[in-house]
Amino acid sequence: MLAGKLEEVPLCRFHYWLLAVIGLPYIFVAMDLLLISLALPAVTEVFEVPARVAGFLAGSVFIGMMIGAASWGFLADLLGRKRALELTILVYTVFTGLAAVSWSWQSLVAFRVATGLGLGGCIPLCFVYLSEFIPASHRGRFLVLLDAFWAIGWILAALLGYLIIPKLGWRYYFIAGAAPILALLPVHLYLPRSVRFLEEKGLADEALRELQGVYRRAGLTPRGAEPPAKGAEGKPAERPARVPVRELWSREYRRRTVFAWALWFCMVYGYYSLFLWIVKFMAGMGYPVPKAMYYALVTSLAQLPGYFTAAYLVDVAGRKPTLTAFLLATAASTAGFSTAKTPLELVAWLSAVSFFCLGAWGIVMTYTAEVYPTRVRGTGYGAASGFGRTAGLIGPTLVGLIVEAYGIKAATLATAVVFLIAALDVAALGIETKGLTLEQISR
Numbered sequence: 050m051l052a053g054k055l056e057e058v059p060l061c062r063f064h065y066w067l068l069a070v071i072g073l074p075y076i077f078v079a080m081d082l083l084l085i086s087l088a089l090p091a092v093t094e095v096f097e098v099p100a101r102v103a104g105f106l107a108g109s110v111f112i113g114m115m116i117g118a119a120s121w122g123f124l125a126d127l128l129g130r131k132r133a134l135e136l137t138i139l140v141y142t143v144f145t146g147l148a149a150v151s152w153s154w155q156s157l158v159a160f161r162v163a164t165g166l167g168l169g170g171c172i173p174l175c176f177v178y179l180s181e182f183i184p185a186s187h188r189g190r191f192l193v194l195l196d197a198f199w200a201i202g203w204i205l206a207a208l209l210g211y212l213i214i215p216k217l218g219w220r221y222y223f224i225a226g227a228a229p230i231l232a233l234l235p236v237h238l239y240l241p242r243s244v245r246f247l248e249e250k251g252l253a254d255e256a257l258r259e260l261q262g263v264y265r266r267a268g269l270t271p272r273g274a275e276p277p278a279k280g281a282e283g284k285p286a287e288r289p290a291r292v293p294v295r296e297l298w299s300r301e302y303r304r305r306t307v308f309a310w311a312l313w314f315c316m317v318y319g320y321y322s323l324f325l326w327i328v329k330f331m332a333g334m335g336y337p338v339p340k341a342m343y344y345a346l347v348t349s350l351a352q353l354p355g356y357f358t359a360a361y362l363v364d365v366a367g368r369k370p371t372l373t374a375f376l377l378a379t380a381a382s383t384a385g386f387s388t389a390k391t392p393l394e395l396v397a398w399l400s401a402v403s404f405f406c407l408g409a410w411g412i413v414m415t416y417t418a419e420v421y422p423t424r425v426r427g428t429g430y431g432a433a434s435g436f437g438r439t440a441g442l443i444g445p446t447l448v449g450l451i452v453e454a455y456g457i458k459a460a461t462l463a464t465a466v467v468f469l470i471a472a473l474d475v476a477a478l479g480i481e482t483k484g485l486t487l488e489q490i491s492r
């Protein structure tokens, strides 16, 4: 198999460049998704939005993400990872910029739903794409490092919000969110097409050309480590054009699908219920909005060491125990945040949430990209992500209702319980994938 030759390419500059280029659109996914968190206080004031509607406004992007995750994953398994990825970037950046002309909260919801169509597809495609090029011995670390780019996007969103919103207003903030369309250029020029995808589709000649390109970029051809000659692998088997979506629920993969869907639902619910409301939460605790934005920026810096710690542990201790521990710590620190009485306590607990929750997210992204075979990897990842996105709408909306009825503390404690359920899901249904090739995991 030509795909097996990718495992023989030693870790080199090519893999790090691949990580950097695929990380660019992922940075801007985080930024454009989380813009609403910083803009929410200003938007709700301008459009006179009550708390119960503010939650729906914040979570409306997930309506589009739910549709986009499943649709783009399916298209990626039909048309190719790279082509689908480029289209998702175009969609989410254009509609983020258009949100600046919103004339009511309803129109802003419409623009955010359209933005979500691109965001929902881009997230799983970044991980599916990278997972198909990185050797098994380094795959876990690289996929967690890719998710570390999310922290850069969140920091960028917080920094731009802190600098732009108080001086220029929230509309210019959304205009800045359209600038990432420039990420299309390096993606189009640098990223090769997936060798595994082309081989699965029976396109042996094209797969061979892409593999030879990988070898050249890795600097292996001059040293005689050429990929196999054309035809050496024999005639490829005929593949059905239809993506076997039902295979996700076959006896072989049913447990993995239940595990992945439950994990994504809990993670999306917990993360966005907390972080989309974080500035409003702190404002409700009595902190001025500019100070709340500053605290959001400062505590977001803890996300990067969380990712790096998780990236080290997944290939040492394994995916399952590391993720379980990080989720338990996230639940505990979220509960602690609900009890914060002073600025120091607030920053300490929120930093702990940022560290453990974002480290856990990095492992979730890695896990989901590994548990399905190549022929349904995009579909499987997209389906899990899409199902999880329903929680992105339910969570923030429910938080608004809980805040109105019972207060901020009750809302954050409920979120902590969801993180605890995620930990139990991993402990009960998770599989260990450390050190295995994608083909070995698929069996």
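Quick note: to get our numbering, add 49 to the position in the sequence shown (first position is 1). Each residue gets a CB set at the ideal place from its N, CA and C atoms; glycine is no exception.
Exercise. Going straight from the alpha carbon of residue 103 to that of residue 93, what length do you get?
Worked result: Mapped onto the sequence shown, residue 103 falls at position 54. Mapped onto the sequence shown, residue 93 falls at position 44. Approximately 7 Å between the Cα atoms of the pair.
For this session: Starting from the C-beta of residue 464, find all residues in its chain whose C-beta is less than 7 Å away, skip the five residues before and the five after it, and write them out in chain order.
Result: Sequence index remark: in the sequence shown, residue 464 carries index 415 (1-based). Around residue 464: 319, 322, 323, 383.
Exercise. Would residue 273 be called buried (16 or more neighbouring beta carbons within 10 Å of its own) or exposed?
Worked result: Residue mapping note: residue 273 aligns to position 224 of the sequence shown, counting from 1. Low confidence applies to residue 273: its pLDDT is 40, below 50, so where it sits in the model is not reliable, and the reading given next is rough at best. It is exposed - the Cβ of residue 273 has fewer than 16 other Cβ atoms within 10 Å.
Exercise. Considering residue 482, what are the terminal residues of the alpha helix (DSSP H) in which it resides?
Worked result: Here residue 482 is taken as the residue at index 433 of the sequence shown, counted from 1. Element bounds for residue 482: n/a, residue is neither H nor E.
Exercise. Leaving out the 5 sequence neighbours to the left and right, which residues in its chain are closer than 6 Å to residue 149 when beta-carbon positions are compared?
Worked result: In the sequence shown, counting from the first residue as 1, residue 149 sits at position 100. Excluding residues within five positions, the ones whose Cβ falls inside 6 Å are 220, 223, 224.
Problem set entry | Cα-Cα separation between residue 167 and residue 137, rounded to whole angstroms | Position 118 of the sequence shown, counted from the first residue, corresponds to residue 167. Position 88 of the sequence shown, counted from the first residue, corresponds to residue 137. The straight-line gap from Cα to Cα measures roughly 4 Å.
Exercise. Between the region 295-312 and the region 421-439, are three or more C-beta pairs nearer than 8 Å?
Worked result: yes
Exercise. Using the beta-carbon count (16 or more within 10 Å), is residue 326 buried or exposed?
Worked result: Indexing the sequence shown from 1 puts residue 326 at position 277. Label assigned to residue 326: buried.
For this session: Please go through the same chain and pick out, in chain order, the residues whose beta-carbon is closer than 6 Å to the beta-carbon of residue 417, but skip the five residues on each side of it.
Result: For the purposes of this step, residue 417 is identified with residue 368 of the sequence shown, where counting begins at 1. The answer, listed in chain order, is 309, 430, 433.
Problem set entry | Coarse secondary structure for residue 100, derived from DSSP in three states | Counted from its first residue, the sequence shown places residue 100 at position 51. Helix.
Exercise. Can you tell me where the alpha helix (DSSP H) with residue 118 in it begins and where it stops?
Worked result: Along the sequence shown, one-based indexing puts residue 118 at 69. 110-128 is the span of the alpha helix (DSSP H), which, as asked, contains residue 118.
For this session: List in chain order: all unbroken beta strand (DSSP E) runs of 3+ residues lying wholly within the region 395-452.
Result: none
Problem set entry | Beta-carbon contacts of residue 451 that lie in its chain and below 8 Å, excluding the five residues immediately before and after | Counted from its first residue, the sequence shown places residue 451 at position 402. Answer for residue 451: 459, 460, 463, listed in chain order.
For this session: With a threshold of 16 other CB atoms inside 10 Å of the CB of residue 237, please say whether the residue is buried or exposed.
Result: Locating residue 237 in the sequence shown gives position 188, where the first residue counts as 1. Looking at its Cβ environment, which holds fewer than 16 other Cβ atoms inside 10 Å, residue 237 is exposed.
Problem set entry | Option in 390, 262, 365, 377 with minimal Cα separation from residue 473 | As a working note, residue 473 is residue 424 in the sequence shown. Nearest C-alpha to residue 473: 377.
Exercise. Is it buried or exposed for residue 467, if we count other Cβ within 10 angstroms and need 16 for buried?
Worked result: In the sequence shown, counting from the first residue as 1, residue 467 sits at position 418. With 16 or more other Cβ atoms within 10 Å, it is buried.
Problem set entry | Residues near residue 494 in its chain [Cβ-Cβ closer than 6 Å; skip 5 each side] | Nothing about residue 494 can be read from this structure; the chain reaches only from 50 to 492.
Exercise. On the three-pair Cβ rule with 8 Å, is the region 128-136 touching the region 80-88?
Worked result: no
Problem set entry | Cβ contact (3+ pairs, closer than 8 Å) linking the region 206-219 and the region 330-347 | yes
For this session: Apply the 10 Å Cβ neighbour rule to residue 261 and answer buried if 16 or more other Cβ atoms are within range, or exposed otherwise.
Result: Within the sequence shown, numbered from 1, the residue matching residue 261 stands at position 212. Its Cβ being crowded by 16 or more others within 10 Å, residue 261 is buried.
For this session: Could you please give the first and the last residue of the uninterrupted alpha helix (DSSP H) stretch that includes residue 388?
Result: Start at 1 with the first residue of the sequence shown, and residue 388 comes out as number 339. Counting along the chain, residue 388 falls outside any alpha helix (DSSP H), and DSSP gives it neither H nor E.
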